[in-house]
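**Q**
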Amino acid sequence: MPDARINIPSKVARGEPFPVKLQIRHPMETGYRTDDVGKGIARNVIRTLTCRYNGEVVFAAQLSSGIAANPFLSFFVVARAPGEMIFEWIDDAGVKGSDRVDVNVA
Amino acid sequence: MRCPIALAALGMAAIAFAQERPISPPDLRSGIAFAGADVRAMQADDNANPGFLWVQRGAQLWQANCASCHGDAPASMRGVAARYPAYDATSQSMLDLDGRIEQCRVVRQKKPAFGRESEDLVALGSYVSFQSRGMPIAVSIDGPARAAFDRGAAFYQERHGQMNLACTQCHDANWGKRLFNETLSQGHGSAFPAYRLEWQAVGSLQRRVRACLFGVRAQMPAPGAPELTDVELYLAWRAQGLPMESPGVRR
Chain C
45 MPDARINIPS
55 KVARGEPFPV
65 KLQIRHPMET
75 GYRTDDVGKG
85 IARNVIRTLT
95 CRYNGEVVFA
105 AQLSSGIAAN
115 PFLSFFVVAR
125 APGEMIFEWI
135 DDAGVKGSDR
145 VDVNVA
Chain E
463 MRCPIALAAL
473 GMAAIAFAQE
483 RPISPPDLRS
493 GIAFAGADVR
503 AMQADDNANP
513 GFLWVQRGAQ
523 LWQANCASCH
533 GDAPASMRGV
543 AARYPAYDAT
553 SQSMLDLDGR
563 IEQCRVVRQK
573 KPAFGRESED
583 LVALGSYVSF
593 QSRGMPIAVS
603 IDGPARAAFD
613 RGAAFYQERH
623 GQMNLACTQC
633 HDANWGKRLF
643 NETLSQGHGS
653 AFPAYRLEWQ
663 AVGSLQRRVR
673 ACLFGVRAQM
683 PAPGAPELTD
693 VELYLAWRAQ
703 GLPMESPGVR
713 R
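Chains C and E are the protein sequences, given in the same order. To convert a position in the first sequence, counted from 1, into the working numbering, add 44. To convert a position in the second sequence, counted from 1, into the working numbering, add 462.
1) According to DSSP, simplified to helix, strand and coil, what is P598(E)?
2) Taking only three categories from DSSP, how would you classify A616(E)?
3) Just the Cα atoms here: how many angstroms apart are Q505(E) and E579(E)?
4) Contact criterion: CB-CB distance below 8 Å. Does D135(C) meet it with respect to chain E?
5) Taking all protein chains shown into account, do 16 or more other C-beta atoms lie within 10 angstroms of the C-beta of G473(E), making it buried, or fewer, making it exposed?
6) What is the rounded straight-line gap between the Cα of E620(E) and the Cα of P547(E)?
7) Buried or exposed: where does Q648(E) fall if 16 or more other Cβ atoms within 10 Å of its Cβ makes it buried?
8) Compute every distance between the C-beta of A506(E) and the non-hydrogen atoms of the ligand SAM, then say whether any falls below 7 Å.
9) To which residues of the same chain is R144(C) closer than 6 Å at the C-beta, ignoring the five residues directly before and after it?
10) For G520(E), report the span of its alpha helix (DSSP H) as first-last.
11) Within the continuous alpha helix (DSSP H) that includes M504(E), where are the two ends?
12) Can you give me the C-alpha to C-alpha distance between R570(E) and Y589(E), rounded to a whole angstrom?
13) Closer than 7 Å by beta-carbon distance: list the chain C residues that pair up with Q518(E), in chain order.
14) Could you name the residues of chain C that Q662(E) contacts, counting a contact when the two beta carbons are closer than 9 Å?
15) Answer with buried or exposed for V89(C), where buried requires no fewer than 16 other C-beta atoms within 10 angstroms of its C-beta.
16) Does any CB atom of chain C fall closer than 8 Å to the CB of P685(E)?
17) Between the Cα of E660(E) and those of A112(C), V147(C), V121(C) and V56(C), spot the shortest distance and give me the residue it belongs to.
18) On the three-state DSSP scale, how would you describe G541(E)?
19) Can you list the residues of chain C that L515(E) reaches, using a CB-CB cut of under 9 Å?
20) Could you check whether G710(E) and G513(E) sit closer than 8 Å to each other, using their CB atoms as the reference points?
21) Starting from I563(E), trace the beta strand (DSSP E) both ways and give me its first and last residue.
22) Let me check one thing: in DSSP terms, what residues is W133(C) bridge-paired to?
23) Can the beta-carbon of T630(E) be found closer than 8 Å to that of P488(E)?
24) Is A470(E) buried or exposed, if buried means 16 or more other CB atoms sit within 10 Å of its CB?
25) Going by DSSP, what residues sit across from Y657(E) in a beta bridge?
26) State the DSSP-derived secondary structure class of P606(E), mapped to helix, strand or coil.
27) Is the Cβ of P512(E) closer than 8 Å to any Cβ of chain C?
28) Name the chain C residues that come within less than 7 Å of N509(E), Cβ to Cβ?
29) Taking 8 Å as the threshold, find out whether the segment 591-602 of chain E comes into contact with the segment 673-682 of chain E through three or more Cβ pairs.
30) In the DSSP assignment, find the alpha helix (DSSP H) that holds V590(E) and state where it starts and stops.
31) Flag this pair as yes or no: are the beta carbons of V121(C) and V81(C) separated by less than 8 Å?
32) Taking only the alpha-carbon atoms, compute the straight-line gap between D612(E) and A628(E) and give it to the nearest angstrom.
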């Protein structure tokens, strides 16, 4: 099950930029912490995140241990054509996540 | 001449029965009123509120585990969380919402328990509580719930831990004042299960009460312990009438 929430306007105007908000449930473990017995907790952050809009990469990010848990990303994309946005990400543990949303261009 | 005396006696009986609440209803203020502007903004916008990640997961778990009996949660679970903790006749004990979900899973579904504060139970609890958002808290303290209520009230008034502090000393006598960098809230649980920035996760009211006990350096009852359910009942009664906010956001 995708552990993320995507929010875009229900209808966007062609040629106009629209806001994309994405929140992923992820611990974003920094690698600097230790557990109760002093053993280091391995770093586990989302390494890369890509957003494709009808196949074309419109946003990509490399996250690091400076980003808080459950990262919230917000950016703008110009609505060129109706279609879908696909988000894919991978963390240090090699766990992949993905989610998608339909873009409704008026 | 008998009438005024009889009326006064009746009045006193009514007060004793209704039991006066420490904070009168017009003065009740949700914890969000004491939070900073950034936390208030985060809770006000459902798209920015990370608690909805848990609500969403809870919705998926509901479809997989609960929907075949209970149907659509927005209809069947509306207002349910506002009535908990409640007395359960089957187990003859007080159950909070998480306890009720666990009981349904173990006794009725014969599946292994999720475990207190496990991600799945917190997510389901958030989803069910979310169905009561905006509804006033309305618990029953009558009948079999009375004993638990009295125990919870006593726990609330008792001093705890090395700090030797009772809940009431901060949350009834000094709410609104500053304790170091904090504004003391009235200690209502209306936003729980809530996303707490300190936890970077959603947690139950019991977890929050445990954190408070840790703060006064007291011994913490285990998650799901009856003492915590009793306190939850007392807190709910104290906050009676406040709207449910779950999933709230707290610092």
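Using N, Cα and C, we set each Cβ at its ideal position, and we do this for glycine too.
**A** On the basis of the coordinates in this document:
1) Residue mapping note: residue 598(E) aligns to position 136 of the second sequence, counting from 1. If DSSP states are grouped into helix, strand and coil, P598(E) belongs with the strands.
2) Mapped onto the second sequence, residue 616(E) falls at position 154. Reduced to three states, the DSSP call for A616(E) is helix.
3) The residue you call residue 505(E) lines up with position 43 of the second sequence. The residue you call residue 579(E) lines up with position 117 of the second sequence. Cα to Cα, the separation comes out at about 22 Å.
4) For the purposes of this step, residue 135(C) is identified with residue 91 of the first sequence, where counting begins at 1. Not closer than 8 Å to any Cβ of chain E, the Cβ of D135(C) fails to qualify, so no.
5) The sequence position of residue 473(E) within the second sequence is 11, counting from 1. Only weak support exists for where G473(E) lies, its pLDDT of 45 falling under 50; the value from the coordinates is given anyway. Classification for G473(E): exposed.
6) On the second sequence, position 158 is the one that residue 620(E) refers to. On the second sequence, position 85 is the one that residue 547(E) refers to. Going from the Cα of E620(E) to the Cα of P547(E) covers about 21 Å.
7) Counting from 1 along the second sequence, the entry for residue 648(E) is found at position 186. Buried is the call here.
8) Among the ligands in the structure shown, none appear at all, so the ligand SAM cannot be discussed.
9) Within the first sequence, the letter at position 100 stands for residue 144(C). Here the set comprises E128 and I130.
10) Indexing the second sequence from 1 puts residue 520(E) at position 58. Unbroken alpha helix (DSSP H) run through G520(E): G513 to N527.
11) Residue mapping note: residue 504(E) aligns to position 42 of the second sequence, counting from 1. Element bounds for M504(E): A499 to A506.
12) Taking the first residue of the second sequence as 1, we reach residue 570(E) at position 108. Taking the first residue of the second sequence as 1, we reach residue 589(E) at position 127. Cα-Cα distance, rounded: 20 Å.
13) By 1-based counting over the second sequence, the position of residue 518(E) is 56. Neighbours of Q518(E) on chain C, chain order: R49.
14) For the purposes of this step, residue 662(E) is taken as residue 200 along the second sequence, with counting starting at 1. By Cβ distance, chain C contributes P71, M72, A112, A113 and N114.
15) The sequence position of residue 89(C) within the first sequence is 45, counting from 1. Buried, since its Cβ has 16 or more Cβ neighbours within 10 Å.
16) The residue labelled residue 685(E) in the question sits at position 223 within the second sequence. Chain C, which has no Cβ nearer than 8 Å to the Cβ of P685(E), makes this no.
17) On the second sequence, position 198 is the one that residue 660(E) refers to. When each option's Cα is compared against that of E660(E), the closest is A112(C).
18) Along the second sequence, one-based indexing puts residue 541(E) at 79. Three-state DSSP puts G541(E) in coil, outside helix and strand.
19) The residue you call residue 515(E) lines up with position 53 of the second sequence. Here the neighbours are D47, A48, R49, Q67, I68, R69 and N114.
20) Translated into the one-based positions of the second sequence, residue 513(E) becomes position 51. Translated into the one-based positions of the second sequence, residue 710(E) becomes position 248. Yes, the pair counts as a contact, with Cβ atoms nearer than the cut-off.
21) Translated into positions along the second sequence, residue 563(E) becomes position 101. That residue, I563(E), is in no beta strand (DSSP E); its alpha helix (DSSP H) goes L559 to Q565.
22) The sequence position of residue 133(C) within the first sequence is 89, counting from 1. Bridge partners of W133(C): L93(C) and G141(C).
23) Taking the second sequence and counting its residues from 1, the one referred to as residue 630(E) is at position 168. Taking the second sequence and counting its residues from 1, the one referred to as residue 488(E) is at position 26. No, Cβ-Cβ distance for T630(E) and P488(E) is not below 8 Å.
24) Within the second sequence, the letter at position 8 stands for residue 470(E). Its pLDDT being 49, under 50, A470(E) is placed unreliably by the model, and nothing is read from it.
25) One-based indexing of the second sequence puts residue 657(E) at position 195. In the DSSP output, where bridge partners are listed per residue, Y657(E) has V664(E) and V711(E).
26) For the purposes of this step, residue 606(E) is taken as the residue at position 144 of the second sequence. The answer is helix: DSSP assigns P606(E) an H, G or I state.
27) Walking along the second sequence from the start, residue 512(E) turns up at place 50. Judged by the 8 Å Cβ criterion, P512(E) is in contact with chain C.
28) Taking the first residue of the second sequence as 1, we reach residue 509(E) at position 47. N51 and K65, listed in chain order.
29) no
30) The residue given as residue 590(E) occupies position 128 in the second sequence. E581 to F592 is the extent of the alpha helix (DSSP H) around V590(E).
31) Along the first sequence, read from residue 1 onward, the residue named residue 121(C) stands at position 77. Along the first sequence, read from residue 1 onward, the residue named residue 81(C) stands at position 37. It is not a contact, given that the beta carbons lie outside the stated cut-off.
32) Position 150 of the second sequence, counted from the first residue, corresponds to residue 612(E). Position 166 of the second sequence, counted from the first residue, corresponds to residue 628(E). In a straight line, the C-alpha of D612(E) is about 16 Å away from that of A628(E).
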